[in-house]
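Everything on this sheet refers to the single structure shown next.
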Amino acid sequence: MANIIDGKAVSAQVKENIRIEAENLKKQGIEIGLAVVIVGNDPASQVYVRNKEKACEAVGFNSYKYALDENTTEQELLALIDKLNRDEKVNGILVQLPLPKHLDDKVIINNILPEKDVDAFHPVNVGKIMIGDYSFLPCTPAGVMELIKSTGTDITGKKCVVIGRSNIVGKPMAMLLLHKNGTVTICHSKTNDLPKVCSQADILVAAVGKPKIITADYIKEGAVVIDVGMDRDENGKLCGDVDFENCKDKAGYITPVPGGVGPMTIAMLMQNTLTAAKQQNGLLEGQSEKSADGKDRNMWNKLFLHT
Ligand code: GUN
Numbered sequence: 000m001a002n003i004i005d006g007k008a009v010s011a012q013v014k015e016n017i018r019i020e021a022e023n024l025k026k027q028g029i030e031i032g033l034a035v036v037i038v039g040n041d042p043a044s045q046v047y048v049r050n051k052e053k054a055c056e057a058v059g060f061n062s063y064k065y066a067l068d069e070n071t072t073e074q075e076l077l078a079l080i081d082k083l084n085r086d087e088k089v090n091g092i093l094v095q096l097p098l099p100k101h102l103d104d105k106v107i108i109n110n111i112l113p114e115k116d117v118d119a120f121h122p123v124n125v126g127k128i129m130i131g132d133y134s135f136l137p138c139t140p141a142g143v144m145e146l147i148k149s150t151g152t153d154i155t156g157k158k159c160v161v162i163g164r165s166n167i168v169g170k171p172m173a174m175l176l177l178h179k180n181g182t183v184t185i186c187h188s189k190t191n192d193l194p195k196v197c198s199q200a201d202i203l204v205a206a207v208g209k210p211k212i213i214t215a216d217y218i219k220e221g222a223v224v225i226d227v228g229m230d231r232d233e234n235g236k237l238c239g240d241v242d243f244e245n246c247k248d249k250a251g252y253i254t255p256v257p258g259g260v261g262p263m264t265i266a267m268l269m270q271n272t273l274t275a276a277k278q279q280n281g282l283l284e285g286q287s288e289k290s291a292d293g294k295d296r297n298m299w300n301k302l303f304l305h306t
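The sequence shown stops at residue 306 when you use numbering that gives the first Met the number 0, and every number in between is there.
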């Protein structure tokens, strides 16, 4: 039986550290604020937004919720974002996705100040993640990294396979593993012989969106298996991309769904909001990744030849 990674416990620890930092900042007169914007009545989005408000409360941040009508125009939403960009009480802005069809996610995200984009969805922040010079963590991939860390696994040199190539999970996930010196493969719907590629992975991250498609034949004995899926099984019950029962005896470590990656995403959002507040108050420079082998390189090597 694999070790089950307890996402609730890891997330509680991350949030407790944030709460302590927020409390100390408050003593210095710095209050932290997160604005969450939701447009329309999507029930799942309403639950997610409520959970973000609860997390803010737990770590001692102020949360400002803006629930807008389904028919809100692009102009109205952009006007709100402009107001929040200028509001000093608001350190982070999150616009809950998906937006109603008539609103273009890209236009909206591009208008959030990169310094307040705590989702790390703005192209400036995505680019910073790519070059390893980032302040804001992509929330779900960063949560996965914390879970891997909690197992004591050293990523350096390990074969890492990410299934899924979305801009929000798959691609930034691959970058974070690469920054930690993993040898990373990204798989997707057109990958040939997916089980064979996955079964070579020391660390397997599944972000597919199909219930229980990852079975024991995809898994290397003793691998770390992280399930980002939030799917429904044939009975409508919440489950992941990984067939947990089928894989749990082969994996070394495995995340459950629920209670694995899910709780981590919000914890990392709180982490980004704390970072935003510290940066906006001049308490933090951008963090940057050292070159993978720690050697000093000339600029040409850094830009073009980094192996
Ligand atoms: N909808 C589902 N997950 C997320 C998230 O992490 N951020 C935003 N903005 N919307 C979401």
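C-beta atoms are modelled at their ideal positions from N, C-alpha and C, and glycine is treated no differently. Owing to the predicted nature of the structure, the values given are computational and were not obtained by experimental measurement.
Presumed contact (8 Å Cβ cut-off) between residue i and residue j, rounded CB distance
i, j, result
"T214", "N245", "5 Å"
"D242", "K211", "4 Å"
"L77", "Y65", "Not confirmed; about 13 Å, so no contact."
"D226", "T254", "5 Å"
"G39", "E69", "4 Å"
"G208", "G228", "6 Å"
"Q278", "S134", "6 Å"
"I147", "V196", "At roughly 19 Å, the Cβ-Cβ gap does not stay under 8 Å, so I147 and V196 are not in contact."
Boundaries (first-last residue) of the beta strand (DSSP E) holding residue i
i, result
"I37", "G32 to V38"
"S62", "N61 to L67"
"V160", "K158 to I162"
"I265", "Per DSSP, I265 belongs to no beta strand (DSSP E); it is in the alpha helix (DSSP H), G261 to Q279."
"G221", "G221 -> no beta strand (DSSP E), and no H or E assigned at all."
"V307", "As displayed, the chain neither begins before 0 nor continues past 306, which places residue 307 out of reach and without an answer."
"I92", "G91 to V94"
Exposure of residue i, with buried meaning 16 or more beta-carbon neighbours within 10 Å
i, result
"I130", "exposed"
"P194", "exposed"
"G93", "Sequence inspection shows Leu at residue 93; the Gly mentioned does not correspond to that position. Buried: at least 16 other Cβ atoms inside 10 Å."
"L98", "buried"
"G151", "exposed"
"R296", "Reliability fails at R296, whose pLDDT of 48 lies under 50, so the model's placement of it is uncertain and the value that follows must be treated cautiously. R296 should be labelled exposed."
"G32", "buried"
"G181", "buried"
"A11", "exposed"
"T306", "exposed"
"E145", "buried"
"H101", "exposed"
"V143", "buried"
"T72", "exposed"
"V256", "buried"
"T139", "buried"
"S62", "buried"
"T264", "buried"
"V106", "exposed"
"M269", "buried"
"K115", "buried"
"A21", "buried"
"V48", "buried"
"V46", "exposed"
"A43", "exposed"
Cβ of residue i within 7 Å of any chain C Cβ
i, result
"N23", "Going by chain labels, chain C is absent from the structure shown, which holds only one protein chain."
Residue i and residue j closer than 7 Å at C-beta
i, j, result
"G91", "V58", "no"
"M267", "A141", "yes"
"K53", "P262", "no"
"V183", "L177", "yes"
"L96", "D103", "no"
"Y252", "N2", "yes"
"I29", "N234", "no"
"V123", "P113", "yes"
"K51", "V35", "yes"
"A206", "G169", "yes"
"I128", "H121", "no"
"I218", "K179", "no"
"V310", "S198", "No answer is possible for residue 310: the residues shown for the chain start at 0 and end at 306."
Delimiting residues of the alpha helix (DSSP H) encompassing residue i
i, result
"V183", "Segment T182 to C186 is the beta strand (DSSP E) holding V183; no alpha helix (DSSP H) there."
"G6", "G6 to K26"
"A205", "From DSSP, A205 is part of no alpha helix (DSSP H) but of the beta strand (DSSP E) over I202 to A205."
"A43", "P42 to V58"
"H101", "Segment: none, H101 is in no alpha helix (DSSP H) and carries neither H nor E."
"S149", "C138 to S149"
"D81", "E73 to R85"
"E244", "F243 to C246"
"P122", "P122 to I130"
"A173", "G169 to H178"
With contact counted as at least three CB pairs below 8 Å, one residue from each stretch, are the region 154 to 166 and the region 184 to 203 in contact?
yes
Could you tell me whether the region 9 to 19 touches the region 264 to 279, using the rule of 3 or more Cβ pairs below 8 Å?
yes
For the pair the region 176 to 187 and the region 224 to 240, tell me if three or more CB-CB distances fall below 8 Å.
no
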